[in-house]
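Residue numbers (UniProt numbering), protein chains in the order written: chain A, 1 to 446; chain B, 1 to 446. Here is the structure we will look at.
Number of protein chains: 2
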Amino acid sequence: MSLTNASPADAAKAAKSASLVLSTLSAAARNEALDAIHAGLTAARDDILAANARDLALAQAAAADGTLSQSLVARLDLSRKGKWEDMLKGILDVRDLDDPVGRVTLRTRLDDGLDLERVTCPIGVLLIIFEARPEVIANIAALAVKSGNAAILKGGKESTESFVAIATVISAALARSAVPNAAIQLVTTRDVIPQLLALDHDIDLVIPRGSNDLVRYIKNNTRIPVLGHADGLCAAYLDPSVDATLAAGVIFDSKTGYPAACNSLETLLVHEAALSTHLPTIATALAVKGVELRCDPQSKAALSDTPNLTLLDAVESDYTTEFLSLTLAIKTVSSVSEAITHINTFGSHHTDLILTGSTDQAEQFMSAVDSAGVMWNASTRFVDGTRYGFGTEVGISTNKIHSRGPVGLEGLMIYKYKVRGRGQVATSYGEGEGQKRYLHEKLALD
Amino acid sequence: MSLTNASPADAAKAAKSASLVLSTLSAAARNEALDAIHAGLTAARDDILAANARDLALAQAAAADGTLSQSLVARLDLSRKGKWEDMLKGILDVRDLDDPVGRVTLRTRLDDGLDLERVTCPIGVLLIIFEARPEVIANIAALAVKSGNAAILKGGKESTESFVAIATVISAALARSAVPNAAIQLVTTRDVIPQLLALDHDIDLVIPRGSNDLVRYIKNNTRIPVLGHADGLCAAYLDPSVDATLAAGVIFDSKTGYPAACNSLETLLVHEAALSTHLPTIATALAVKGVELRCDPQSKAALSDTPNLTLLDAVESDYTTEFLSLTLAIKTVSSVSEAITHINTFGSHHTDLILTGSTDQAEQFMSAVDSAGVMWNASTRFVDGTRYGFGTEVGISTNKIHSRGPVGLEGLMIYKYKVRGRGQVATSYGEGEGQKRYLHEKLALD
């Protein structure tokens with residue numbers, strides 16, 4: 001890793017060159033670099049925490065002035081219980097994942113002595129733009145090295161001292177490894193994001209990790225592909241055929257488990273036949289956490305006799321709002337089809353849920369809803385790379401190409417085709433007289 | 001298919017709605033639509049060829065004026081031997097490909113009764129922008145229907161009558177099928193490309209089929225992902241360890257098989273030790289077709305005694321020029337590493353070739369060259385979806401995400417994650433006391 005004050009263009013060019021070396025290193029060489037990073041960080045614990053304390057002091061002063069939020073201050077703090085240990089363990093976890101580089105995913109014999117192979121390889125140069133959390137830098141450096149990608153990191157200014165301390169250690173560790181130093185670069189100069197976003201020749205993929213506003217800004221200001229999601233406007237459809245207690249449990253978890261998360265529930269679409277049979281049970285469950293319900297007239301009427309609820313009249317914009325808080329918009333529908341249309345029209349294509357006792361209806365919903373995740377009688381909160389068993393998560397994507405849903409290491413890979421021959425030429429093959437035919441024989445992958 | 005004079009925005013919105021229906025149709029329903037298109041076109045042969053003849057007459061007049069190229073006129077002509085039959089056979093070929101929709105590519109048991117599945121599904125709405133060739137419209141309609149994607153087609157104006165005639169037939173055929181009419185739309189209004197390229201909310205992928213200029217224009221003018229390549233600047237590295245006759249055969253085919261193709265050879269990098277031993281044999285082979293050689297001083301000197309060559313002095317720009325003609329730029333290098341660096345710096349990441357007798361060197365080259373296709377002792381001209389055995393080809397991509405190299409139906413697909421549960425909630429799982437652990441058990445794919 002280098003701490004660069006180079007121009008963004010020079011940093012990107014250096015990262016591209018480094019990526020070409022990194023992409024050819026063996027798994028062992030990349031894993032050794034991860035070990036070196038882990039050892040370096042372990043040894044430098046006190047220095048890094050001291051740097052983090054300086055960031056924290058400045059942030060706390062800013063929070064006292066009201067110019068910084070308390071939640072950001074909390075995210076900054078590397079000395080919080082378990083955070084340092086989690087950061088270090090994360091590096092070893094990434095090291096121990098299956099190697100994503102060089103996997104053969106297709107092998108075809110075109111003719112005797114002429115074989116085609118599709119092999120996974122790194123994408124190239126990643127630009128990771130993130131906000132305050134200082135542990136992200138170690139996490140991303142590990143993912144980049146493991147996947148054979150170079151990375152340019154641009155973090156939020158509140159963590160500058162922490163970032164520089166960690167980057168210095170990583171840089172020294174990489175210097176003892178086969179990974180080129182410029183493969184991981186921390187850009188500390190300010191206001192360079194627009195310049196970085198213009199470097200589509202050398203940067204292959206942008207991964208924003210932060211607020212919806214950050215993601216939306218980036219998506220609107222670059223030609224480089226962006227992996228991520230701006231919105232997580234998740235909806236549930238409630239069918240009368242489902243058990244009311246089951247539905248209440250799933251909705252409670254989806255809404256209240258972590259309301260600020262992108263996979264939290266924001267809209268509940270209730271079948272009219274479930275208004276009196278199911279909705280009161282659900283609303284009562286949500287009331288325990290004080291969830292505010294913004295209802296259309298029908299659902300509000302259905303809840304009029306239920307005690308202890310916070311009921312408001314919904315306005316149209318409530319159905320397109322990602323509340324990220326203990327608020328749920330409720331709307332009555334007359335069929336699963338109407339729910340599907342609502343979700344495909346107003347949703348964010350992130351994660352949507354059906355609560356139903358009918359397999360056919362569930363399959364219809366999961367087929368027709370155009371979202372990265374479709375859940376049947378299970379919480380939307382399961383949508384997460386770790387929970388899905390991917391070992392790690394780069395982010396959750398609502399893109400329609402490349403990677404969708406929780407993205408693990410696989411999302412940082414592309415492939416190339418290798419053809420090994422013995423002098424064969426294309427004009428020898430075809431349907432004409434005297435021409436050879438292709439075999440197109442599928443070969444085992446290993 | 002509808003022949004739309006709707007605004008681009010309305011056309012895209014209608015395509016999006018139609019795509020949501022199309023994506024849920026069974027393989028049988030999609031294949032039936034392809035049969036109906038095939039039958040409709042077969043029955044309407046005379047009308048379509050008459051319309052094509054009218055386009056052709058106008059084009060021939062324009063060619064006589066010098067305002068249109070003769071090669072474009074040739075590409076327009078549907079009555080050329082075999083072209084009509086190929087177009088019809090292509091529809092049945094696409095029908096008979098394996099269904100790309102609904103393939104399960106990952107299945108994980110998160111817990112008993114809580115299963116995760118990754119299932120392929122269509123991307124959504126494709127915008128296909130192409131030039132004169134009228135048969136492309138039938139080909140693309142077939143690919144879109146087969147893959148469950150809606151498509152908006154914008155063709156070159158020279159083929160308007162042919163397009164309209166074919167679109168009318170396809171429209172009538174789709175009306176007898178389960179595929180919504182708006183799933184395939186031909187936009188015939190003029191100058192709408194900039195408007196279409198702005199519709200990133202409803203259009204998910206742009207596929208330009210045409211000249212490099214067209215592709216470059218599109219890549220520079222849209223936020224929608226573009227699948228394709230602007231340049232095919234393919235290079236070969238010639239090592240002295242390879243058999244000279246083998247090398248001459250492969251280079252001859254790569255350069256002269258179809259010089260206007262994107263997978264044709266443009267640059268030859270010769271190891272200095274092969275200048276006297278190999279280059280004269282190769283140059284003599286190329287001279288049969290009159291290939292013009294643009295040489296650096298060393299390679300020119302090496303060829304000074306070889307008769308019948310067309311030798312020119314290379315200028316720097318020759319090594320970054322896609323000639324698309326019988327011209328080859330030759331440069332001397334002192335190692336395979338220098339060749340790799342040249343290719344990664346000046347190439348187009350499309351297809352590159354190594355001619356060597358050394359397995360180690362070949363593997364080094366194929367690992368380090370950052371291109372969609374890397375060939376060892378086999379012609380660059382093999383890079384093609386049909387030759388690779390993909391059944392069809394949407395185009396060749398130099399993108400670093402999603403699809404790279406020749407793109408078959410697979411490149412028109414994305415996936416979604418389906419989770420089927422029985423009321424499980426995320427807060428029940430974790431490392432804490434009393435919490436359940438995830439199983440993360442890999443299940444068989446079928």
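By construction, the Cβ of each residue, glycine as well, lies at the ideal position given by its N, Cα and C atoms.
Between the CA atoms of residue j and residue i - distance to the nearest angstrom
i: VAL179/B; j: ALA314/B; result: 55 angstroms
i: LEU439/B; j: ARG381/B; result: 48 angstroms
i: LEU353/A; j: ASP10/B; result: 29 angstroms
i: HIS278/B; j: ASP202/A; result: 36 angstroms
i: PHE365/B; j: ASP115/A; result: 17 angstroms
i: VAL407/A; j: ILE207/A; result: 11 angstroms
i: THR345/B; j: LEU265/B; result: 17 angstroms
i: GLY389/B; j: GLU338/A; result: 43 angstroms
i: TYR319/B; j: ILE129/B; result: 30 angstroms
i: ILE396/A; j: VAL104/B; result: 20 angstroms
i: LEU78/B; j: ILE170/B; result: 17 angstroms
i: ILE193/B; j: PRO8/B; result: 9 angstroms
i: GLU292/A; j: ALA64/A; result: 30 angstroms
i: LEU186/A; j: GLU135/A; result: 13 angstroms
i: HIS350/A; j: GLY411/A; result: 17 angstroms
i: ALA167/B; j: THR188/B; result: 11 angstroms
i: LEU72/A; j: ALA132/A; result: 7 angstroms
i: ALA182/B; j: ASN5/B; result: 12 angstroms
i: LEU126/B; j: ILE152/B; result: 6 angstroms
i: LEU268/B; j: LYS331/B; result: 6 angstroms
i: LEU196/A; j: GLU85/A; result: 32 angstroms
i: ASP47/B; j: ALA165/B; result: 7 angstroms
Residue i versus the options, residue with shortest Cα-Cα distance
i: GLY423/A; options: VAL21/A, SER23/A, THR281/A and ASP112/A; result: ASP112/A
i: ALA18/A; options: LEU68/A, LYS331/A and GLY148/A; result: GLY148/A
i: LEU41/B; options: LYS154/B, PHE163/B, ARG80/B and LEU106/B; result: PHE163/B
i: LEU445/A; options: ARG107/A, LEU92/A and ALA362/A; result: ARG107/A
i: GLN60/B; options: GLU158/B, GLN361/B, ASP99/B and ALA33/B; result: GLU158/B
i: TYR429/B; options: VAL226/B, VAL145/B, VAL119/B and LEU110/B; result: LEU110/B
i: SER34/B; options: ILE140/B, ALA51/B, VAL250/B and GLY82/B; result: The residue you asked about is not Ser; residue 34/B is Leu in the sequence shown. The candidate whose alpha carbon is nearest that of LEU34/B is ILE140/B.
i: ALA150/A; options: ALA172/A, LEU205/A and VAL119/A; result: LEU205/A
i: ALA235/A; options: LEU56/A, GLU322/A and ILE401/A; result: GLU322/A
i: LYS89/B; options: GLN361/B, ASP384/B, ALA138/B and LEU409/B; result: ALA138/B
Residues sharing a beta bridge with residue i, DSSP
i: GLU292/B; result: THR310/B and THR327/B
i: GLU117/B; result: ARG107/B and LYS418/B
i: THR351/B; result: GLY373/B
i: ILE184/B; result: ALA151/B
i: CYS262/B; result: Bridge partners of CYS262/B: none, in fact.
i: PHE130/A; result: ARG209/A
i: ILE282/A; result: ILE282/A pairs with nothing; no bridge assigned.
i: GLY395/B; result: VAL407/B
i: GLU441/A; result: ARG109/A
i: GLN424/A; result: ALA378/B
Partner residues on chain B for residue i, Cβ-Cβ distance less than 8 angstroms
i: THR376/A; result: The displayed chain sequence assigns Trp, not Thr, to residue 376/A. Correct list: LYS418, VAL419, ARG420 and GLY421.
i: THR24/A; result: GLN364, SER367 and ALA368
Within chain E, partners of residue i - CB distance below 7 angstroms
i: LEU20/A; result: Of the protein chains in the structure, A and B, none is chain E.
Closer than 8 angstroms at the beta carbon, the chain A residues around residue i
i: ARG387/B; result: LEU110, ALA426, TYR429 and TYR438
i: PHE323/B; result: In chain order: nothing, as chain A lies at least about 19 angstroms away.
i: LEU124/B; result: The residue asked about is misnamed: residue 124/B is Gly in this sequence, not Leu. Those within 8 angstroms of GLY124/B in chain A are ASP370 and LYS400.
Within chain A, the residues that residue i reaches when beta carbons sit closer than 7 angstroms
i: GLY148/B; result: Within 7 angstroms Cβ-Cβ: nothing; GLY148/B doesn't reach chain A, min ~11 angstroms.
i: PRO225/B; result: PRO225 and ILE401
i: ILE414/B; result: LYS400, ILE401 and ARG404
Within chain A, the residues that residue i reaches when beta carbons sit closer than 9 angstroms
i: ILE193/B; result: Within chain A, no residue comes near ILE193/B; the closest Cβ sits about 17 angstroms away, beyond 9 angstroms.
i: PHE382/B; result: LEU110, LEU114, LEU116, VAL419, GLY421, GLN424, VAL425, ALA426 and TYR429
Chain-ordered neighbours of residue i on chain B, where CB pairs are closer than 9 angstroms
i: TYR217/A; result: By Cβ distance, chain B contributes nothing, its closest Cβ being about 13 angstroms from TYR217/A, past 9 angstroms.
i: LEU205/A; result: LYS400 and ILE401
Within chain B, partners of residue i - CB distance below 7 angstroms
i: ASP213/A; result: Result: empty, since nearest Cβ-Cβ is about 18 angstroms, beyond 7 angstroms.
Quiz item: With contact counted as at least three CB pairs below 8 angstroms, one residue from each stretch, are the stretch 403-423 of chain B and the stretch 369-381 of chain A in contact?
Solution: yes
Exercise. Mind the definition here: the stretch 211-218 of chain B touches the stretch 18-35 of chain B only if three or more C-beta pairs lie below 8 angstroms; say whether that holds.
Key: no
Self-check item: Touching by the beta-carbon criterion (3+ pairs, under 8 angstroms), the stretch 303-317 of chain A and the stretch 225-239 of chain A
Solution: no
Quiz item: Would you say the stretch 325-332 of chain A touches the stretch 254-263 of chain A, given that touching needs at least three Cβ pairs under 8 angstroms?
Solution: yes
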